[in-house]
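Numbering (the UniProt record's numbering), first residue to last: 1 to 898.
What follows is a single structure, written as structure tokens, with notes after it.
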């Protein structure tokens, strides 16, 4: 231990800078926290060691006084840049020594449409070109520099009702600079088959490019289509794609976005198409957009107008630059004009209008440098993701936490703090949500490719992250986080990996890559984060269980079947993700993992219609109540006589819980346990069989923060406590066989957004009372076999956006009052009687056709011969799929749910 402390002190005595700064670097802050925690654990400190660790802690605090805004000076001062890197390396080296000692002594930002101005005329221009009366296949190229709003403009056109009405098939394919023609074609084919809810051809992932082109061409041959190819960089890329697109004189169109005018011109001219060049925003348009972002839509205060307009000039009319600067200024004190002046000064003199790319780089760098210290590593971390990869919210938050980027605050969990970090990045327009959860939080997001280029460069310079793929197979010696992308082949590890703290794989599916992964694991004893999702694994490499610092382990979407007993060695593990694996039992040794916070063990099997037993969980065991840190426990099976249901009540930190295979006699115990879980936000209860009673009558005081409730199994009487769940956002009733109209219990819930019934109600009528269900947006009625009438009272469900009705054989007409639901965007019917559909078809003079004429998308769908056959109510003939479009032999993974 004395040698260890000498090593630490030697590292700390390196030269430091005298300049005082405001912000601390993450590497140093993380290490400081680690030492603070070590000091608190006096019992494990040897005699005389505590004093030395306190000395090191004090030195770290001095080091923090150096770092701070040095990041902001790096770009213009080479000496400062060297200092910053050296100090950061010192902190990392100290952490390595500390961890080694512990081992020895123990075991494409898209802009929101709402934020854009000046988009209406270009939108109408592009729509006009798409729907014009010319049968030839045409390419419409939209060209503009990065950040000019190309993708957002095309997205608005793509989602326009007039476009969807005129074409059978639509697909959006991101090409990117490092495109592979096979990947682009597979993405396009998958989307086309998804749209008609048909299975993609067998063996799609292993087909050659020529075979893929043939499949795409055959599918599109009898259809009118609009295909968007976003971010095309070369003429070669277009030539590799165009041979998959048939031209049969039916008015089909291709939209292409690119930064390069020569690419746009070539692609459009050869098809007699059009080129639209995105122009910078005018001064007034820039001002409107700026005020939307910087002042949340309000007017600019008079004392800031002059300086704001001066800042705005430097953005060159580029929407991304305007939003970036506006996002920075939105966080500033409006009463401190000096702070605004400093930001104006940091942008330098008015930028040369002929070098808009450099202008953009400076503006984006400003938005990065303005981030508070705790957000910088979180944003840099996004450089691990491949280009245009969708970022999953929960996974990102888990990784941030286990990387050590997030500090717990008083009365808030570390997850809550991480969530607030994510929201800050969203508010600054650094992350763009593309899919939302029912509660309005981001589910999936992405970053603009220009921001990605920026953080890739900074991350590599700082040894923060590095990426390897088939083109780039080397990484810096001191890299802390390594991200592997795509097919690596027989990549040999020729660089040191002893410094690695994280290893993540994306799309690494070739068996040859396992050799490389094994080499890295064998040499990376300090790993904290290991994400091997999708890797070709049948069993967990034994070297994983030697990673004693591991906090995050994901084996999602692998073929792993068994979790070995040696899992007990990973005592620091906080997150274990076994979703979509074949693991159904856990060893009792899992109880040794006292730091475990999230235990995810389940898989979803895809069916045309959801069967009763569709999501197997894992067999729980006695003693699980000892895992007191657990926040997520899904899906556990209730084993009779095991005492598990009683022990669940001991897990007071639980936020999400799913229990399967419940019996009627479990009612009292499970209700008693749930009542103790006051922090619970999501609850999923399912009886062992469809007709087994799910007894909830013993629950009198439900968890007050409950947002999502999934009830599966026969419920004799809906418990009255449901109407007191004021935080409830989503509720499912599946096979509940309710005899009493449940709507009266639900209609006044103030936050209910999503409601689904599947064999959930046996009555004849559902009545949505006047003025009720004020926030409901999604409603699904499935297999309500006794239902003959649905009535929507005046002012009820005013914000409903999507309604799905399926297998309700006795339903005579569409819901009465549906004609007044002006926000309803999608209406879809699955396997409804032909007589019912006839009442809606205008060409058959259906009596109810006028009631749904205001709804943008109305579909009726049938399950036929192992696939979904989808028909548009208004474009029936155009939505028939050709017999040549591919074999229909199996079900496909998309379910007909909201």
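Just so it is clear, CB atoms sit at the ideal spot from N, CA and C, and this is done for glycine as well.
Note that the structure is predicted; figures quoted are calculated from it, not measured.
Considering only C-alpha positions, which residue in the set 191, 184 and 157 is nearest to residue 169? What you label residue 169 is simply residue 169 of the chain shown in a count that begins at 1. Comparing Cα-Cα distances from residue 169 to each of 191, 184 and 157, the minimum goes to 191.
Report the rounded CA-to-CA distance for residue 900 versus residue 390, giving the unit in angstroms. Nothing can be reported for residue 900: it is not among the residues displayed for the chain, which extend from 1 to 898.
Check for me: the beta strand (DSSP E) holding residue 709 runs from which residue to which? Residue mapping note: residue 709 aligns to position 709 of the chain shown, counting from 1. Here the beta strand (DSSP E) through residue 709 covers 708 to 712.
Member of 791, 760, 767 and 698 whose CA lies at the smallest distance from the CA of residue 784: Here residue 784 is taken as the residue at index 784 of the chain shown, counted from 1. The residue with the shortest Cα to Cα distance from residue 784 is 760.
In terms of residue numbering, what span does the beta strand (DSSP E) encompassing residue 413 cover? The residue given as residue 413 occupies position 413 in the chain shown. Taken as a continuous stretch (DSSP letters only), residue 413 belongs to no beta strand (DSSP E), as it is neither H nor E.
So for residue 216, helix, strand or coil by DSSP? Locating residue 216 in the chain shown gives position 216, where the first residue counts as 1. Residue 216: helix per DSSP, three-state reduction.
CA nearest to the CA of residue 769, picked from 780, 264, 786 and 741: Here residue 769 refers to the residue found at position 769 when the chain shown is read from its first residue. Looking only at 780, 264, 786 and 741, the smallest Cα-Cα distance to residue 769 is reached by 741.
May I have the straight-line CA-CA distance separating residue 558 from residue 534, to the nearest angstrom? Translated into positions along the chain shown, residue 558 becomes position 558. Translated into positions along the chain shown, residue 534 becomes position 534. Roughly 5 Å separates the two Cα atoms.
On the DSSP letters alone, give me the boundaries of the beta strand (DSSP E) that residue 671 sits inside. Position 671 of the chain shown holds residue 671. Not the beta strand (DSSP E): residue 671 falls in the alpha helix (DSSP H), residues 667 to 676.
Nonlocal neighbours in the same chain, by C-beta distance under 8 Å from residue 560, ignoring five residues either side: Counted from its first residue, the chain shown places residue 560 at position 560. Result list for residue 560: 537, 538, 539, 540, 578, 581, 582 and 583, in chain order.
In the DSSP assignment, the alpha helix (DSSP H) including residue 378 goes from what residue to what residue? Taking the first residue of the chain shown as position 1, residue 378 is located at position 378. Run containing residue 378: 376 to 380, per the alpha helix (DSSP H) assignment.
Mark residue 128 as exposed unless 16 or more other C-beta atoms lie within 10 angstroms of its C-beta, in which case mark it buried. Numbered from 1 along the chain shown, position 128 holds the residue referred to as residue 128. Residue 128 comes out exposed.
Beta-carbon contacts of residue 746 that lie in its chain and below 8 Å, excluding the five residues immediately before and after: By 1-based counting over the chain shown, the position of residue 746 is 746. Only 722, 723, 731, 752, 755 and 773 meet the Cβ criterion.
Among residues of its own chain, excluding the 5 on either side of residue 6, which ones have a beta-carbon nearer than 6 Å to its beta-carbon? Here residue 6 is taken as the residue at index 6 of the chain shown, counted from 1. Confidence at residue 6 is low in this model, with a pLDDT of 39, below 50, so its placement is unreliable and no value can be given for it.
Are the beta-carbon atoms belonging to residue 601 and residue 621 less than 9 Å from one another? The count along the chain shown starts at 1 and reaches residue 601 at position 601. The count along the chain shown starts at 1 and reaches residue 621 at position 621. Cβ distance not < 9 Å, so residue 601 and residue 621 don't count as in contact.
Are the stretch 222 to 231 and the stretch 254 to 273 in contact at 8 Å, needing three or more beta carbon pairs? yes
Rounded C-alpha distance that separates residue 836 from residue 709: The sequence position of residue 836 within the chain shown is 836, counting from 1. The sequence position of residue 709 within the chain shown is 709, counting from 1. Answer to the nearest angstrom: the Cα atoms are 32 Å apart.
As assigned by DSSP and simplified to three states, the class of residue 498: Counting from 1 along the chain shown, the entry for residue 498 is found at position 498. Three-state DSSP puts residue 498 in coil, outside helix and strand.
Taking 7 Å as the limit between beta carbons, can you name the residues of its chain near residue 249, skipping five residues before and five after? The residue you call residue 249 lines up with position 249 of the chain shown. Cβ neighbours of residue 249 beyond the five flanking positions: 135 and 136.
C-beta contact flag for residue 187 and residue 174 at 9 Å: Start at 1 with the first residue of the chain shown, and residue 187 comes out as number 187. Start at 1 with the first residue of the chain shown, and residue 174 comes out as number 174. Yes; because the gap between Cβ atoms is below 9 Å, this pair is in contact.
So for residue 177, helix, strand or coil by DSSP? Numbered from its first residue, the chain shown carries residue 177 at position 177. Of the three classes helix, strand and coil, the one that applies to residue 177 here is coil, per DSSP.
Relative to the C-alpha of residue 395, which candidate in 387, 382, 283 and 816 has its C-alpha closest? Against the chain shown, residue 395 aligns to sequence position 395. If we check each option's Cα against that of residue 395, 382 comes out closest.
Determine the closest residue to residue 427 out of 275, 274, 295 and 201, with distance taken between C-alpha atoms. By 1-based counting over the chain shown, the position of residue 427 is 427. Nearest C-alpha to residue 427: 295.
Delimiting residues of the beta strand (DSSP E) encompassing residue 516: Residue mapping note: residue 516 aligns to position 516 of the chain shown, counting from 1. Element bounds for residue 516: not the beta strand (DSSP E) but the alpha helix (DSSP H), 513 to 523.
Alpha-carbon spacing of residue 615 relative to residue 632, whole angstroms: As a first step, residue 615 must be located in the chain shown, where it is residue number 615. As a first step, residue 632 must be located in the chain shown, where it is residue number 632. Going from the Cα of residue 615 to the Cα of residue 632 covers about 16 Å.
Could you check where the beta strand (DSSP E) with residue 731 kicks off and where it finishes? Locating residue 731 in the chain shown gives position 731, where the first residue counts as 1. Unbroken beta strand (DSSP E) run through residue 731: 730 to 734.
Bounding residues of the alpha helix (DSSP H) (the contiguous stretch that carries residue 834): Here residue 834 refers to the residue found at position 834 of the chain shown. Start and end: 834 to 838.
I need the straight-line Cα distance from residue 331 to residue 337, nearest angstrom please. Here residue 331 refers to the residue found at position 331 when the chain shown is read from its first residue. Here residue 337 refers to the residue found at position 337 when the chain shown is read from its first residue. The alpha-carbon atoms of residue 331 and residue 337 are separated by roughly 13 Å.
Quick check on the burial criterion: 16 or more other C-beta atoms within 10 angstroms. Buried or exposed for residue 306? Sequence index remark: in the chain shown, residue 306 carries index 306 (1-based). Burial call: exposed.
Grouping DSSP H, G and I as helix and E and B as strand, with all else coil, what is residue 352? Residue numbering aside, residue 352 sits at position 352 when the chain shown is read from its first letter. At residue 352, the pLDDT of 44 sits below 50, so the modelled position is not reliable; the number obtained from the coordinates is stated separately. Residue state, collapsed to three classes: coil.
Suppose contacts are defined by Cβ-Cβ distances below 9 Å. Is residue 599 in contact with residue 570 by that definition? Taking the first residue of the chain shown as position 1, residue 599 is located at position 599. Taking the first residue of the chain shown as position 1, residue 570 is located at position 570. Their beta carbons are not under 9 Å apart, which means residue 599 does not touch residue 570 by this criterion.
Put residue 275 into one of helix, strand or coil per three-state DSSP. Residue mapping note: residue 275 aligns to position 275 of the chain shown, counting from 1. Strand.
Beta-carbon contacts of residue 235 that lie in its chain and below 7 Å, excluding the five residues immediately before and after: Position 235 of the chain shown, counted from the first residue, corresponds to residue 235. For residue 235, where only same-chain residues beyond five positions count, the Cβ hits under 7 Å are 263 and 266.
Measuring only the C-alpha atoms, how far is residue 574 from residue 644? What you label residue 574 is simply residue 574 of the chain shown in a count that begins at 1. What you label residue 644 is simply residue 644 of the chain shown in a count that begins at 1. Those two C-alpha atoms are separated by around 21 Å.
Local conformation of residue 847 per DSSP, three classes: The count along the chain shown starts at 1 and reaches residue 847 at position 847. Residue state, collapsed to three classes: coil.
CB residue 830 to CB residue 782, shorter than 9 Å? As a first step, residue 830 is located in the chain shown; it is residue number 830 there, counting from the start. As a first step, residue 782 is located in the chain shown; it is residue number 782 there, counting from the start. Going by beta carbons, residue 830 and residue 782 fall inside the 9 Å limit.
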